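Structure, as structure tokens:
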Amino acid sequence: MLRHLNADILIVDDTISNLEILTTVLTDQGYQVQSATNGNIALQVIQNKQPDLILLDIMMPEMSGYEVCQRLKEDPQTTHIPVIFISALHELVDLQKAFDVGGADFITKPFLIEELLVKIKYQLLMK
């Protein structure tokens, strides 16, 4: 039941301050954290070491979070990794698209740290 402890989480966000905040919060909770500032870097990081869970921004340069998630879900090697979208987008169409491409959950920015931690723990326990 403690599978969530020491889990490896990849944070993908092009805003450095978001990466810093999330990294601090998650490492304080005992998670191992990797980060990437865009989709291409994220895909490279995942090839080298698959995370247990991905926190993924949607609006990024070069490749959207939607495209990153879709690529992961199309690959048999990575399809099992849960993806939680974290985005300032909040329209129903954005939420629907996140789930359509294989997202496991969706959190709207700004978010409550407690909500984020509960959703992460839930996804890790469901693996």
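Residue numbers (my numbering): 82 to 208. For every residue, glycine included, the Cβ atom is placed at its ideal position computed from N, Cα and C. The structure presented is a predicted model; accordingly, all values stated were derived computationally and were not measured.
Three-way DSSP call (helix, strand, coil) for residue i in this model
i	result
Gln128	helix
Gln110	coil
Ala88	coil
Val182	coil
Gln158	coil
Leu137	strand
Ser98	helix
Where the beta strand (DSSP E) through residue i begins and ends
i	result
Ile167	164–168
Phe187	186–189
Residue i burial status per 10 Å Cβ neighbour count (16 or more: buried)
i	result
Lys204	The sequence shown places Gln at residue 204, rather than the Lys named in the question. Buried, by the Cβ-count rule.
Ile201	buried
Asp181	exposed
Leu206	exposed
Phe192	exposed
Ile97	exposed
Distance CB(residue i)-CB(residue j) smaller than 8 Å
i	j	result
Asp89	Gln115	yes
Gly184	Val199	no
Ser168	Ile139	yes
Val93	Leu153	no
Gln125	Thr159	no
Leu134	Ile102	no
Asp95	Met141	yes
Residue span of the alpha helix (DSSP H) that contains residue i, given as start and end
i	result
Met207	194–207
_Taking contact to mean 3 or more Cβ pairs, one atom from each stretch, closer than 8 Å, check whether the segment 120–130 and the segment 138–154 are in contact._
Contact between the segment 120–130 and the segment 138–154 is present, because at least three Cβ pairs lie under 8 Å.
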